[in-house]
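Scroll down for the structure; my scribbles are underneath it.
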Amino acid sequence: MAELRRWQHRRAPGEPVSAETRESYYGLPVIHGPHWRWPIVFYFVLGGLAGGSAVLAAAARLVGGRWARSVVRIGRYLAFLAVLPGPLLLIVDLGRPERFHHMLRVVKLRSPMSVGVWGLVGFTASAFLNALRQAAEDGLLGRRGVVQCIRRLPDRGLAAMSLLPAFFLAGYTGVLLGATAVPLWARNALRLGPLFLCSALSSAAAALSLLVGSGPDVQRVRRALERVEQVALVGELALLEAVQRGSGDVVGRPITVGLEGRAYAGARASAGLALGLHLLARVVPRRFRTVLRVLAALVAFGGAFLLRAAIVFGGRRSAEDPRATFVMTHDERH
Amino acid sequence: MNSESTLVGRTRARPGAFGFLTDTTLCIGCKACEVACKQWNQLPMDDFGFTGMSYDNTGDLGATTWRHVAFIERVADRQGRRPTRLQPFQSHWLMLSDVCKHCVNAGCMEACPTGAIIRTEFDTVVIQQDICNGCGYCVPACPFGVPALSPLDGKAHKCTLCYDRLKDGLEPACSKACPTDAIQFGPVHALMDRAKARVAELQAQGVDARIYGDEALGGTGGIGGLNAFFILTAPPEVYNLPAAPELPQRRVLPAFLTTALAALVLGVATLLSFWRTKEVRHG
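Each protein sequence line maps, in turn, to chains A and B. Okay, so the first sequence: first residue is 22 according to our numbering, each after it adds one. Okay, so the second sequence: first residue is 110 according to our numbering, each after it adds one.
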């Protein structure tokens, strides 16, 4: 629930009143910030993990051979398990949780949250079917009765169908943040979706490479996942840089200084470090490789978390800064 | 004539739309509008604090404050220059009764995922309290910082332009209570004509007056004008109003397109890596 608004003086010590009334209204925020906090950060991380896992499972099923079956199996289970807490986190975040079903009254294409709710419903259904098909395949549901019907579902068809909702779930949250008046998000509206996609894929590849265990083809599986992770990390690094540079001094302040600034720097350092560790793992003796790769996966996963936290909490701080809003809405004619 | 002059005084408000003209040159800062709004709409009192910055102890629009009178003291800058021609012993106050702008294209309404925020038959924007589930997306989607979540009931609230009073043929409580007619209620196009005449009159007197809420200032970037608009005598930033706000939903389609492009690139990379990765020897 929203907190009571309390006023505090924002004037810097030693500054005259005229300093703050010239540039803004006594330093008070122009816009109202979002109330989103940790539940939304965790939802963003889990949604990314679920979407990324579903993408990897589908790709492994569609073009990978029998060697990639462990990715298909674990990716499908992980996608379903990771998305399950999502709706709960979102409902907990509502001011009136008992009215969550009001989200399903309408479809509004211009509202990323409305589209997102339907996307989440679609993804959950697709992840459930994929996990169910996999469970039937793995014999977790027994061998008789309904299981025979489930096994008749087209496996490759289910995998192909899950690609669109998976990418959507991993990326729409960036579009949702961009379609607000919050300066930090609005300035980066075109970059946040791709950034969240990259981070989703890198964290999912990292998680899967930790979970594939030790099958006969595990080296080949890890190599494939690593390649995806590296591409995603390179994209993530480039977009993190682009967001910071594109924001400028005033709008980008929340992701440069303070706790959110450190989280953002941490996200960038994690992506760079994970990439570096993967490269290092190629040249060191074989017995050190596993350690380095596990380390790289953990660092990449932590970076995805820091990134979401920095962007969500940075947006809250950005909304409180009247100068940032005025930089975005300036018109030199007036 | 530049393109700006054709936008001054222009609004995309529909014929028959109702709204407010708030003329800050007539406001005496009595806060009768705030009180009348609280009384009629039965809004509870806010945090009873002291801002210590001006005569404004309301601070901001909020879930239980739908009119807010801003008090801006125009004092001298470091060089001793005063933004006024008044004598140095005279203080110079600007007062503005802020309110929901009831945008022609409203960011809060487009953002609302439940359809709780609707446009009424008076072309005002109203949050249906029996639908709102307090998701809070309208709050950061407003370029003017109007809707807010209430800690009392968890739902989003803002000015309804006294929808219940309009239904009964009454004018909104704030404009009814305003003793100087600084707040005027009526059809938007008629009010806009009145505002243009008033601004011309003020400019003839040497006052730096302007309309805030037409397509040149305040109603920019796809918003198409504000049904509740203002006459200002200083740059809008002085009143804590954005000069050229943008409808946030204009970014939805471009942002989805760049995200789709990124999905395409990453999808191809993922497919290639599972297709091309060869068996590892000596594994």
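Think of the CB as a built atom: it goes at the ideal place given N, C-alpha and C, for glycine as much as any other residue. Because the structure is a prediction, the values reported are computed rather than measured.
Taking the straight line between their C-alpha atoms, what separation do you get for Ala191/A and Leu205/A? If you number the first sequence from 1, residue 191/A lands on position 170. If you number the first sequence from 1, residue 205/A lands on position 184. Distance between the alpha carbons of Ala191/A and Leu205/A: 20 Å.
Could you give the distance in angstroms between the alpha-carbon of Ala345/A and the alpha-carbon of Thr131/B? Indexing the first sequence from 1 puts residue 345/A at position 324. Indexing the second sequence from 1 puts residue 131/B at position 22. Straight-line measurement puts the Cα of Thr131/B at about 27 Å from the Cα of Ala345/A.
Nearest chain B C-beta to Val196/A closer than 9 Å, yes or no? Residue mapping note: residue 196/A aligns to position 175 of the first sequence, counting from 1. Yes - at least one Cβ of chain B is within 9 Å of the one on Val196/A.
In chain order, what residues of the same chain have a beta carbon less than 7 Å from the beta carbon of Ala181/A, not counting five sequence neighbours either side? Start at 1 with the first residue of the first sequence, and residue 181/A comes out as number 160. Taken in chain order, the residues that qualify are Ala79 and Leu83.
Would you call the stretch 319-335 of chain B and the stretch 156-168 of chain A in contact, with 3 or more CB pairs under 8 Å? Touching, no, given that fewer than three Cβ pairs across the two stretches are closer than 8 Å.
Does chain A have any CB closer than 9 Å to the CB of Glu355/B? Along the second sequence, one-based indexing puts residue 355/B at 246. Yes, contact with chain A.
Can you pull the chain A neighbours of Ser163/B, defined as C-beta to C-beta under 8 Å? Looking up residue 163/B in the second sequence gives position 54. Tyr47, listed in chain order.
Measuring CB atoms only, is the stretch 193-200 of chain B touching the stretch 362-380 of chain B, in the sense that at least three cross pairs come out at less than 8 Å? At 8 Å Cβ cutoff, the stretches do not touch.
Along the stretch 80-91 of chain A, what residues have a CB closer than 8 Å to any CB found in chain B? Ala80, Ala81, Leu83, Val84, Gly85, Trp88 and Ala89
Which runs of the beta strand (DSSP E), 3 residues or longer, sit entirely within the stretch 150-176 of chain A? none
Relative to the C-alpha of Ser45/A, which residue among Val239/A, Phe347/A and Gly73/A is closest? The residue you call residue 45/A lines up with position 24 of the first sequence. Nearest to Ser45/A by C-alpha distance, out of Val239/A, Phe347/A and Gly73/A, is Phe347/A.
Relative to the alpha-carbon of Asp15/A, which residue among Leu77/A, Val239/A and Pro55/A has its alpha-carbon at the smallest distance? Past the boundaries of the shown model lies residue 15/A; chain A is included only from 22 to 355, so the question cannot be answered.
Contact with chain A by Gln358/B, beta-carbon distance below 9 Å: For the purposes of this step, residue 358/B is identified with residue 249 of the second sequence, where counting begins at 1. Yes, Gln358/B lies at the interface with chain A (some Cβ there is under 9 Å from its Cβ).
Nearest neighbour of Asp273/B, chosen from Gly224/B, Ile181/B and Val235/B [CA to CA]: Mapped onto the second sequence, residue 273/B falls at position 164. When only C-alpha atoms are compared, the closest one is Val235/B.
Can you tell me the Cβ-Cβ gap for Ala259/A and Phe322/A, rounded? I've got them flagged as a contact below 8 Å. If you number the first sequence from 1, residue 259/A lands on position 238. If you number the first sequence from 1, residue 322/A lands on position 301. In fact, because the Cβ distance is near 20 Å, the residues do not count as touching under 8 Å.
Cutoff 7 Å; reference Glu24/A; Cβ partners in own chain excluding five residues on either side: The sequence position of residue 24/A within the first sequence is 3, counting from 1. Note that Glu24/A scores a pLDDT of 44, beneath 50, so its modelled location is shaky; the value from the coordinates is reported in the next line. If we look at Glu24/A and ignore the five residues flanking it on each side, it has no Cβ neighbours.
Please name the residue or residues paired with Pro296/B in a DSSP beta bridge. By 1-based counting over the second sequence, the position of residue 296/B is 187. In the DSSP assignment, Pro296/B is bridged to Phe127/B.
Residue from Gly335/A, Ala292/A and Arg314/A whose Cα sits closest to the Cα of Val278/A: Residue numbering aside, residue 278/A sits at position 257 when the first sequence is read from its first letter. Closest by alpha carbon: Gly335/A.
Name the two residues that bound the continuous alpha helix (DSSP H) containing Met349/A. Here residue 349/A corresponds to residue number 328 of the first sequence, with the count starting at 1. It spans Pro343 to Met349 - the alpha helix (DSSP H) in which Met349/A sits, taken as one unbroken run.
Between Glu250/A and Ala325/A, is the Cβ-Cβ spacing less than 9 Å? As a first step, residue 250/A is located in the first sequence; it is residue number 229 there, counting from the start. As a first step, residue 325/A is located in the first sequence; it is residue number 304 there, counting from the start. Against a cut-off of 9 Å, the Cβ pair of Ala325/A and Glu250/A comes out as no contact.
Shorter than 9 Å from the beta carbon of Thr346/A to some beta carbon of chain B? Translated into the one-based positions of the first sequence, residue 346/A becomes position 325. The C-beta of Thr346/A comes closer than 9 Å to at least one C-beta of chain B.
Val208/B and Cys136/B: beta carbons closer than 9 Å? Your numbering for residue 208/B matches position 99 in the second sequence. Your numbering for residue 136/B matches position 27 in the second sequence. Their beta carbons are not under 9 Å apart, which means Val208/B does not touch Cys136/B by this criterion.
Quick one: list the residues of chain B neighbouring Phe121/A, beta-carbon separation under 8 Å, in chain order. Position 100 of the first sequence holds residue 121/A. Within 8 Å Cβ-Cβ: Asn242.
Taking DSSP as the reference, what is the three-state secondary structure of Arg58/A? Counting from one through the first sequence, the residue named residue 58/A turns up at place 37. In this structure, Arg58/A counts as coil in the three-state DSSP scheme.
Go to Ser223/A, then tell me how far its beta strand (DSSP E) extends in each direction, as first and last residue. On the first sequence, residue 223/A is found 202 positions in, with the first residue counted as 1. First-last for Ser223/A: Ala210 to Leu232, but that is the alpha helix (DSSP H), not the beta strand (DSSP E).
Tell me Tyr164/B's beta-bridge partners as DSSP assigns them. Residue numbering aside, residue 164/B sits at position 55 when the second sequence is read from its first letter. Per DSSP, none; premise fails for Tyr164/B.
Less than 6 Å between C-beta atoms, sequence neighbours within five positions excluded: which residues of the same chain meet that for Gly214/A? The sequence position of residue 214/A within the first sequence is 193, counting from 1. If we look at Gly214/A and ignore the five residues flanking it on each side, its Cβ neighbours are Gly192, Gly195 and Val196.
Looking only at DSSP bridge pairs, what is Thr174/B linked to? Sequence index remark: in the second sequence, residue 174/B carries index 65 (1-based). Gly171/B.
Would you please verify whether the beta carbon of Ser259/B is less than 9 Å from any beta carbon of chain A? Walking along the second sequence from the start, residue 259/B turns up at place 150. At least one chain A Cβ lies under 9 Å of Ser259/B.
Nearest to Tyr164/B by alpha carbon, out of Ile227/B, Val361/B, Leu370/B and Leu205/B? Along the second sequence, read from residue 1 onward, the residue named residue 164/B stands at position 55. Ranking the options by Cα distance to Tyr164/B, first place goes to Leu205/B.
Helix, strand or coil at Pro307/B according to DSSP, with G and I counted as helix: Looking up residue 307/B in the second sequence gives position 198. Inspection of the sequence shows that residue 307/B is occupied by Arg rather than by Pro. Helix at Arg307/B.
Looking at Ala202/A and Ile61/A, is the spacing between their C-beta atoms short of 9 Å? Counted from its first residue, the first sequence places residue 61/A at position 40. Counted from its first residue, the first sequence places residue 202/A at position 181. The answer is no: Cβ separation not under 9 Å.
Would Cys142/B pass as an interface residue toward chain A - the criterion being a Cβ-Cβ separation below 9 Å? As a first step, residue 142/B must be located in the second sequence, where it is residue number 33. Cys142/B does not count as touching chain A.
Alpha carbon to alpha carbon, how far is Asn242/B from Leu116/B? Give it in angstroms, no decimals. Sequence index remark: in the second sequence, residue 116/B carries index 7 (1-based). Sequence index remark: in the second sequence, residue 242/B carries index 133 (1-based). Cα-Cα distance, rounded: 38 Å.
Nearest chain B C-beta to Thr350/A closer than 9 Å, yes or no? Here residue 350/A refers to the residue found at position 329 of the first sequence. Cβ-Cβ to chain B under 9 Å: yes for Thr350/A.
Would His299/A count as contacting chain B if we go by Cβ distances under 9 Å? Here residue 299/A corresponds to residue number 278 of the first sequence, with the count starting at 1. By this cut-off, His299/A is not an interface position.
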